[in-house]
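Chains as they are written, first to last, in the numbering used here: chain Z, 34 to 130; chain U, 34 to 130.
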């Protein structure tokens, strides 16, 4: 394997790992969205915020380690943040009712 | 550069980045230890716990990405945890006084 093949392989691995972690957070968001009307758990927000923080630290590390472009890192975090914002808006709407 | 040279370089970079982050937390712990008697800020514990969580996620990612041996990762986290435990014990002693 050449060094550029290795670098490509490592970059793909990094993105795969980050996507797995993003999917876990995505799943947490979905579960909370589904349970909006029935069994809302206030700890969910705390857990999601903590998970998001940990995830953003992972992405930041991957960028600094040269495994991921800064823009790609920002995109993967922003996507989750947008979904989280939708959830929080729905929670706020629910609280108003 | 051969692929094994690249891998070695990436591993060294990963350890350097993680050590930088560990040093920042270490510095936070030292500052709090120094200020134990004078101006204790309760938010420090919260900040340190959050930083430790983020750091452990970075280390975990580096291990999964094959940049760091699992044992080395555990060692770098444990070292900080031990220092944090010393700080918390000192804070507890202080609270008893």
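C-beta: ideal position from N, C-alpha, C; glycine also.
Continuous alpha helix (DSSP H) stretch holding residue i: start and end
{"i": "residue 51 of chain U", "result": "36-67"}
Residue i versus residue j - alpha carbon distance
{"i": "residue 34 of chain Z", "j": "residue 125 of chain U", "result": "55 Å"}
{"i": "residue 1 of chain U", "j": "residue 43 of chain Z", "result": "Because residue 1 of chain U is not part of the residues shown, which for chain U are 34 to 130, the question remains open."}
{"i": "residue 48 of chain Z", "j": "residue 50 of chain U", "result": "19 Å"}
{"i": "residue 36 of chain Z", "j": "residue 85 of chain Z", "result": "33 Å"}
{"i": "residue 65 of chain U", "j": "residue 87 of chain U", "result": "19 Å"}
{"i": "residue 59 of chain U", "j": "residue 54 of chain Z", "result": "27 Å"}
{"i": "residue 118 of chain Z", "j": "residue 78 of chain U", "result": "28 Å"}
{"i": "residue 39 of chain Z", "j": "residue 109 of chain U", "result": "26 Å"}
{"i": "residue 92 of chain Z", "j": "residue 67 of chain U", "result": "33 Å"}
{"i": "residue 94 of chain Z", "j": "residue 46 of chain U", "result": "11 Å"}
{"i": "residue 106 of chain Z", "j": "residue 96 of chain Z", "result": "7 Å"}
{"i": "residue 120 of chain Z", "j": "residue 130 of chain U", "result": "46 Å"}
{"i": "residue 104 of chain Z", "j": "residue 101 of chain U", "result": "25 Å"}
{"i": "residue 157 of chain Z", "j": "residue 98 of chain U", "result": "The structure shown has nothing for residue 157 of chain Z, since chain Z only spans 34 to 130."}
{"i": "residue 116 of chain U", "j": "residue 57 of chain U", "result": "13 Å"}
{"i": "residue 76 of chain Z", "j": "residue 52 of chain U", "result": "32 Å"}
{"i": "residue 74 of chain Z", "j": "residue 74 of chain U", "result": "30 Å"}
{"i": "residue 63 of chain Z", "j": "residue 111 of chain Z", "result": "17 Å"}
Selected residue, minimal CA-CA separation from residue i, among the options
{"i": "residue 127 of chain U", "options": "U:82, U:69, U:105, U:61", "result": "U:69"}
{"i": "residue 80 of chain U", "options": "U:121, U:61, U:96", "result": "U:61"}
{"i": "residue 113 of chain U", "options": "U:100, U:82, U:98", "result": "U:82"}
Task: Start-end ranges of the alpha helix (DSSP H) lying completely within the stretch 73-111 of chain Z, minimum 4 residues - done: 76-97
Task: Given 8 Å, three or more beta-carbon pairs between the stretch 86-101 of chain U and the stretch 111-126 of chain Z - done: no
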